[in-house]
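Below is one structure, written out as structure tokens; comments come after it.
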Amino acid sequence: MNDQKKIIMFSITNLLNYIAEGVGYCMLIAYLIAIGYTATQRSIMFSFGALLSMVVQFLVGYLCDKNKTVRRYVIYGYIVYSIVVLALYSYNTYNFYVHFVLVSLNTVMFRVSMGLLDSWVLESGEYCKTNYGFIRAFGSIGWVIGSWLTAIVIDYLGYIYIGVVFTLINIVLIIINLKMDDVVKESQEKIDLKSVGKLFENKGYVYLIVLMFFIFMMQTALDYTIVSKLDALKASNAQISYYWMITGIIELPMFFFGAKAVKKFGSIPLLIVSILSYGLRFFLYGISVSVVQVLTISLLQVTCFPIMNVVSKQLIDDESPASLKSSGQQVGLALYSSVSALIAPLITGVLEDVFSINTALFVIGSFALFSLLFTAFYVQEKKKQGLFIR
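Per this note's numbering, the very first residue in the sequence shown carries number 1412; after that it's consecutive.
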């Protein structure tokens, strides 16, 4: 398969995958609120899922590098994820233990699925890696469609049909992906579990993971707190879906032109802009008093997630040895994404229940300061290595 066809097929895959992700995730917190779970109960479910994700992501990354394949595990993921989502939205009776298991598994598959798809793109040649932002833009389009589709499914059919729609999309994805090329692993080095430890011998990789952890503390908390904020402002299901649609649409330009932006301005300056935007966004959410204000502030998404996503994926890939590209991405996700997903819901849930949703927003926004600090450490380390690029 030539490079142009790879771009087309990966773009279609991202589009459909994120339609499914949007359908399965956008209204999950609202679904749990409707059943009757408190912020603390919800945070426990998501936090355990994040803890379990760390183990699964380590294992999946290792298996991909050991068996020199990513596509196989992407397809396995579609199957398992569909079963979980079908069960989750079919069981709408209040039972904490059942939903604890289902939400936790849903969290695991949500993170593993997206991480595997990114690895597949990044390891499919330099052309795909360079155009990652362009490919990922179709994921944002899919997220917009998925969030819009979710509101329609719920309003006309009910939550139970979310699992059905999700599964149908994944069946189409399996058919498409079976016709695509798998990754070509550059290194023939034999991989075992001890090999993964080589990642942490690189201080640049370690600093990058830590600074990304604090950014993801904000990003992860945002996914939980924004629905609570909108719910506190009496937002309707349609208005909640508008939030996901707005953030999905507004991030498109940066995904489409992310590679050019990195080339022109440099990865580190863009990363700093992203960090500052997150901090400002949380502060403004904390002082907002209407749904319209929240939706307007959400336009800051353009300089938040897309910049962070494009820059971090490429930096992590650059810091990973050729024989550990999949492990570099999955271990990184396990540490900065899943660990933050373990901690952030607990912090926000307790702050929201004990104080208020606004207090939770202000506290989480302060993590921007730690992100900036470790960005400085990362830059200093790269200068020592004589490898610093803008």
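All C-beta atoms in this analysis are idealised placements derived from N, C-alpha and C, irrespective of residue type, glycine included. The structure displayed is predicted, hence computed values, not measured ones.
Span of the alpha helix (DSSP H) holding residue i?
i     : result
S1458 : A1450 to N1478
K1675 : G1669 to F1676
I1809 : The structure shown does not extend to residue 1809, since the chain is modelled only from 1412 to 1801, so the question has no answer here.
K1645 : Counting along the chain, K1645 falls outside any alpha helix (DSSP H), and DSSP gives it neither H nor E.
K1417 : D1414 to Y1436
D1791 : Checking the displayed sequence, the identity of residue 1791 turns out to be Gln instead of Asp. Counting along the chain, the alpha helix (DSSP H) containing Q1791 begins and ends at F1778 to K1795.
V1532 : F1507 to L1533
T1759 : V1750 to V1765
I1571 : Run containing I1571: none; DSSP gives neither H nor E here.
L1711 : Counting along the chain, L1711 falls outside any alpha helix (DSSP H), and DSSP gives it neither H nor E.
E1730 : F1716 to E1730
L1439 : L1439 to I1446
V1495 : R1482 to S1501
A1745 : Unbroken run through A1745: none, as it is neither H nor E.
S1699 : Per DSSP, S1699 belongs to no alpha helix (DSSP H) and is neither H nor E.
K1540 : E1537 to T1541
Ordered along the chain, which non-local residues of its own chain (more than five positions away) have a Cβ less than 6 angstroms from that of residue i?
i     : result
M1591 : M1420
A1632 : A1755, T1759 and I1775
D1593 : T1480 and R1482
D1728 : L1533
L1710 : I1661
S1558 : G1433, C1437, S1652, W1655 and M1656
C1539 : K1417 and V1532
S1454 : P1756, L1757 and G1760
A1646 : V1702
Please work out which residues of its chain come closer than 8 angstroms, Cβ to Cβ, to residue i, disregarding the five sequence neighbours upstream and downstream, and give them in chain order.
i     : result
T1636 : Y1696, T1759, E1763, I1768, A1771, L1772 and I1775
Y1653 : L1706
T1362 : Residue numbering for the chain in the displayed model covers 1412 to 1801; residue 1362 lies beyond these limits and cannot be assessed.
In whole angstroms, what separates the C-alpha of residue i from that of residue j?
i     : j     : result
Y1436 : Y1505 : 19 angstroms
W1554 : I1444 : 22 angstroms
D1566 : M1438 : 12 angstroms
K1614 : E1792 : 7 angstroms
S1639 : Q1415 : 43 angstroms
F1788 : N1648 : 43 angstroms
S1699 : D1476 : 46 angstroms
S1422 : M1525 : 14 angstroms
M1456 : L1463 : 11 angstroms
E1662 : V1713 : 5 angstroms
G1488 : M1520 : 7 angstroms
I1552 : G1544 : 13 angstroms
K1674 : F1668 : 10 angstroms
L1780 : F1511 : 33 angstroms
Y1572 : L1426 : 20 angstroms
L1516 : V1495 : 7 angstroms
G1447 : K1794 : 52 angstroms
L1470 : N1478 : 12 angstroms
I1620 : L1568 : 42 angstroms
Going along the chain, which residues of its own chain have a beta-carbon closer than 7 angstroms to the beta-carbon of residue i, five neighbours each way excluded?
i     : result
S1782 : L1622, F1625, I1626 and I1686
Y1618 : F1785, F1788, Y1789 and E1792
F1716 : Q1630 and E1662
Is the Cβ-Cβ distance between residue i and residue j less than 9 angstroms?
i     : j     : result
I1708 : R1692 : yes
L1682 : T1786 : yes
T1561 : G1433 : yes
Y1500 : L1527 : no
M1465 : L1746 : yes
G1690 : S1751 : no
Q1452 : R1522 : no
V1509 : G1460 : no
N1581 : Y1492 : yes
G1739 : S1731 : yes
L1753 : S1458 : yes
S1678 : L1726 : yes
F1666 : V1721 : yes
Y1429 : F1507 : no
A1670 : N1542 : yes
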